[in-house]
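Student: To start, I am sharing the structure in question, which I have written as C-alpha cells.
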Amino acid sequence: MSAIGAAAVILALGYLAVTLVFQFRPLSAWFPELDQLGVLPRWKFFTQNNGVYDLGVEVQDRRANGSLGDWSPIAAALRGRAWNSLWFPRKYRAAAFRRAADTLERRAMTGKDASPETSLAYALILNHCRDVAPRSGDAEARRFALVRMRGAGEGGERWVVFTSDFHTL
Amino acid sequence: MTGRFLADAADSLAFSRVLIGLWLVLWTAQWLTAADLFSHDGPLPWARLSRVRQRPLIGRLRRRMSTRLFRALLAAQLCIAVVLLASASVSVLVVCLALLIASLGGFIVLTGEFWSDGSDKIGMIAIAGAFVTGAGVLLGDSALALAGALIAGGQLTVCYLVAGVSKVFFADWRNGAELAAVMAAESWGHPMMERLTRRRPVAIAVSWCVILGEALFPLALLAPRPWLLAALATLMLFHVATALVMGLNTYPWAFAAAYPSATLLGRVLRSSLGWDG
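Chains as they are written, first to last, in this note's numbering: chain F, 101 to 269; chain X, 1472 to 1748.
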C-alpha cells in the first residue's frame, strides 16, 4: 500500500464522516455552495415539506391610467408527459423557478434581506412572470405574488408569502 | 488480494465509464436545448448573473459568457462524454473524467444556485470516485482505487441512508401523509399516483417501502453479491418510478453511474470480513 493510497483512503473515510455531519444545520446553512457542487451534499429528499406545498405565482398588471387588473395565476409547475421520463429539458426552468421562489420566500420571511428585489431569485421570478403571462391590453407595469397552497378546492389552504413592487413591462 | 482487487476495480470502471457517459450525454443534450435560459431574454441572463457582488471573479467570467459560448462549452463536454463511451482505455478514462470534473464544476459555479439538483450531485460524485479509482488502476495502487470506491460507493450509501433515516423521523412520512401530499401537489405529483395514495393503506405501504429500501441499503453492501445487485436493481426501479411520475428523468442515470463503485465497495467489505463469495 502506497503512502498516497493510504492517505487517500483516510481522506475518503473522513469525507464520508464529514458528509454525515453536514446533514445537520447550522453547518449546512453556512456553506450551501458545497452542497450545490456536490462536494458536501445534503441528502434529505422531501423531508422538509418542500414537496407538500404547491407554489403559485400570480401576476397583476397596472394599466396606463393607473387602474389595476385582476390577479391571475400563472403556471409555476410543469406537469410532464410520459416521454419526459426520458427527455425533459423544460424541467430546468420550472425547477429553477421553484427553487428561486423557495429562496425568495425564505429571505422575505426571515427578514434578513432588506432588499430582496436585488436578489437573483427575485430577478428570475420577475423575468419568468414577464415571459409566460401575456400582457393585458394597455398594461404598463406588472407585479407578482408568491402564493403557497396546500390541498385543492374550497378546503385547501392558501396564503400570500411575498408581493413584489410593480415593474415596467 | 491486491492484484485481484485491481482487476475487480478495472472491471467496475468498465461499467462506470458507460453509465457516466450515458448520464452525461443525456444531461448535456438537455442543457444544449435549454441553453437560452441564460440569454438576454431568458429568465436569468448572463448579464444579470454577472452583477452578483459577492462573486467578482465569477462575475467577470459570466460577463464573458454568451449563449453561443455556453453551447460551445456544452458541445465540448458532449464530445468528452462520447469519447468516454467509445474508449476502453483507462488512461483515456482518467483524462476524460478530470476534464468532466472541471467542466461540470465550472457549469455549476457559473450558472449559480438554481439549476442543479440531487442527480447532478451524485453524478459529480460518481465521476470523482471513478477518477480516483481509475488513477489507482493506472498506477497499480489498490489503496487509491479503494479510495475512489469509498468516494462514490460510500457517498451513494450515505445518500440512501440519510434519505431513509431522515424520513423515519418525519411523522407524515411514517403515516403516509407526506407521500400522499407530494403526489397531490401540482409541482411533483401525478394524477394516477394521487388517486392511489389517497387510500391511506397504500400511502403507508409505499412510504415504508421507500423508507426501508433506502435506510437498509448499507446492509446490502455486506450481503452476497447477488443480493447487493438485487438491492441496487430495486432502488433503480424506484428511480425509474420517480422519473415516470415526477419527471426526475436524470436521476436513474446519475445514480446508476455510482452503482459500480458500490458493488466494488461491497466486495471489499465482504472480503475484509472474510465473507468473500
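Cβ coordinates follow ideal geometry from the N, Cα and C atoms, glycine included.
These numbers come from a predicted model, not from an experiment.
Which one or two residues does DSSP pair with Ser172 of chain F in a beta bridge?
Tutor: In DSSP, Ser172 of chain F forms a bridge with F:Val159.
Student: Under 8 angstroms by Cβ, that's how I've got Ala106 of chain F and Ala1614 of chain X pegged, so tell me the actual separation to the nearest angstrom.
Tutor: Yes, they are in contact, since the Cβ atoms of Ala106 of chain F and Ala1614 of chain X sit about 5 angstroms apart, within 8 angstroms.
Student: Helix, strand or coil for His1710 of chain X? Go by DSSP, reduced to three states.
Tutor: Reduced to three states, the DSSP call for His1710 of chain X is helix.
Student: Tell me, to the nearest whole angstrom, how far the beta carbon of Gly1635 of chain X is from that of Ile1598 of chain X; I am working on the premise that it is less than 8 angstroms.
Tutor: Between Ile1598 of chain X and Gly1635 of chain X the Cβ distance is about 24 angstroms, and since that is not below 8 angstroms, they are no contact.
Student: So is Thr218 of chain F buried or exposed if we call it buried at 16+ other beta carbons inside 10 Å?
Tutor: It is exposed - the Cβ of Thr218 of chain F has fewer than 16 other Cβ atoms within 10 Å.
Student: List the DSSP bridge partners of Thr263 of chain F.
Tutor: In the DSSP output, where bridge partners are listed per residue, Thr263 of chain F has F:Ala245.
Student: Report the three-state DSSP secondary structure of Arg142 of chain F (helix, strand or coil).
Tutor: Three-state result, Arg142 of chain F: coil.
Student: Could you check whether the Cβ of Pro234 of chain F sits closer than 9 angstroms to any Cβ belonging to chain X?
Tutor: Not an interface residue.
Student: Please return the same chain residues whose Cβ sits closer than 8 angstroms to the Cβ of Thr1734 of chain X, not counting the five positions on each side in sequence.
Tutor: So the list reads Ser1483, Gly1624, Arg1696, Leu1699, Leu1700, Leu1703, once near-sequence residues are dropped.
Student: Tell me which residues share the same chain as Leu1477 of chain X and place their Cβ nearer than 8 angstroms to its Cβ, disregarding the 5 neighbours each side in the sequence.
Tutor: Answer for Leu1477 of chain X: Gly1607, Val1608, Gly1611, Ser1613, Ala1616, listed in chain order.
Student: State yes or no: is the beta carbon of Ser172 of chain F nearer than 9 angstroms to at least one beta carbon in chain X?
Tutor: Output row for Ser172 of chain F: interface = no.
Student: Indicate whether the contact test is met: 3 or more Cβ pairs, each with one atom in the stretch 1655-1665 of chain X and one in the stretch 1628-1645 of chain X, closer than 8 angstroms.
Tutor: No: the two stretches stay apart, fewer than three of their Cβ pairs being nearer than 8 angstroms.
Student: What are the boundary residues of the alpha helix (DSSP H) that includes Ala1642 of chain X?
Tutor: Taken as a continuous stretch (DSSP letters only), the alpha helix (DSSP H) holding Ala1642 of chain X covers 1642-1645.
Student: Do Pro1514 of chain X and Asn227 of chain F have their C-beta atoms within less than 9 angstroms of each other?
Tutor: Against a cut-off of 9 angstroms, the Cβ pair of Asn227 of chain F and Pro1514 of chain X comes out as a contact.
Student: Under 9 angstroms, Cβ to Cβ, is there at least one residue of chain X near Leu127 of chain F?
Tutor: By this cut-off, Leu127 of chain F is not an interface position.
Student: Report the neighbours of Ala241 of chain F on chain X: residues whose CB is nearer than 7 angstroms to its CB, in chain order.
Tutor: Neighbours of Ala241 of chain F on chain X: none; closest Cβ ~19 angstroms, over 7 angstroms.
Student: Quick check on the DSSP output: the alpha helix (DSSP H) that includes Ala233 of chain F runs from which residue to which?
Tutor: Where Ala233 of chain F is concerned, there is no enclosing alpha helix (DSSP H), given that its DSSP letter is neither H nor E.
Student: Quick one: Cα of Ser1587 of chain X to Cα of Ala1727 of chain X, how far?
Tutor: Ser1587 of chain X and Ala1727 of chain X: Cα-Cα distance of roughly 18 angstroms.
Student: Hey, how far is the Cα of Ser1487 of chain X from the Cα of Ala1676 of chain X?
Tutor: So the alpha carbons of these two residues sit roughly 33 angstroms apart.
Student: What is the DSSP secondary structure of Glu1665 of chain X, reduced to helix, strand or coil?
Tutor: Glu1665 of chain X falls in the helix class under three-state DSSP.
Student: Which chain X residues are close to His228 of chain F, counting only those with a beta carbon under 8 angstroms from its beta carbon?
Tutor: Those within 8 angstroms of His228 of chain F in chain X are Pro1514.
Student: I'd like to know if the stretch 1565-1572 of chain X and the stretch 122-134 of chain F are in contact, where contact means that at least 3 CB-CB pairs between them fall below 8 angstroms.
Tutor: Segments in contact, no.
Student: Taking Val109 of chain F as the query, report the chain X residues whose CB atoms sit under 9 angstroms from its CB, ordered along the chain.
Tutor: Ordered by position in chain X, the residues that pass the 9 angstroms Cβ test against Val109 of chain F are Ala1614, Leu1615, Leu1617, Ala1618, Leu1621.
Student: Would you report the Cα separation of Leu1708 of chain X and Trp1724 of chain X, rounded to the nearest angstrom?
Tutor: Going from the Cα of Leu1708 of chain X to the Cα of Trp1724 of chain X covers about 12 angstroms.
Student: Give the interface partners of Gly114 of chain F over in chain X, defined as CB-CB distance under 9 angstroms, in chain order.
Tutor: Simply none; closest approach about 10 angstroms.
Student: Are the beta-carbon atoms belonging to Arg163 of chain F and Ser264 of chain F less than 9 angstroms from one another?
Tutor: No; because the gap between Cβ atoms is not below 9 angstroms, this pair is not in contact.
Student: Who are the Cβ neighbours of Arg1534 of chain X in its own chain at under 8 angstroms, not counting the five residues just before and after it?
Tutor: Trp1517, Ala1518, Ser1521, listed in sequence order.
Student: Contact defined as beta carbons within less than 8 angstroms: I believe Leu116 of chain F pairs with Val1716 of chain X. What is the distance between those atoms, to the nearest angstrom?
Tutor: Wrong, their Cβ atoms sit about 30 angstroms apart, outside the cutoff.
Student: Secondary structure at Ala1505 of chain X, three-state DSSP: helix, strand or coil?
Tutor: Residue state, collapsed to three classes: helix.
Student: Using a Cβ-Cβ cutoff of less than 6 angstroms, which residues in the same chain neighbour Glu1649 of chain X once the five nearest sequence positions on both sides are dropped?
Tutor: Here the set comprises Asp1643.
Student: Would you say Thr1504 of chain X faces chain F, with C-beta separation under 9 angstroms as the test?
Tutor: True, the Cβ-Cβ gap to chain F drops below 9 angstroms.
Student: Report the neighbours of Asp1591 of chain X on chain F: residues whose CB is nearer than 8 angstroms to its CB, in chain order.
Tutor: Those within 8 angstroms of Asp1591 of chain X in chain F are Gly138.
Student: Please determine, among X:Leu1581, X:Gln1626, X:Ala1559, X:Ala1618, the residue with the shortest C-alpha to C-alpha distance to Gly1758 of chain X.
Tutor: Residue 1758 of chain X cannot be examined here, being either before or after the span of chain X that is shown, 1472 to 1748.
Student: Checking 9 angstroms against the spacing of the C-beta atoms, do Leu1621 of chain X and Leu1693 of chain X come in under that value?
Tutor: Their beta carbons are not under 9 angstroms apart, which means Leu1621 of chain X does not touch Leu1693 of chain X by this criterion.
Student: Among the candidates F:Asp170, F:Glu240, F:Phe145, F:Ile174, whose CA atom is the shortest distance from the CA of Ile225 of chain F?
Tutor: Minimum Cα distance to Ile225 of chain F is reached at F:Ile174.
Student: If you measure between the beta carbons of Val1603 of chain X and Ala1481 of chain X, is that distance less than 9 angstroms?
Tutor: No.
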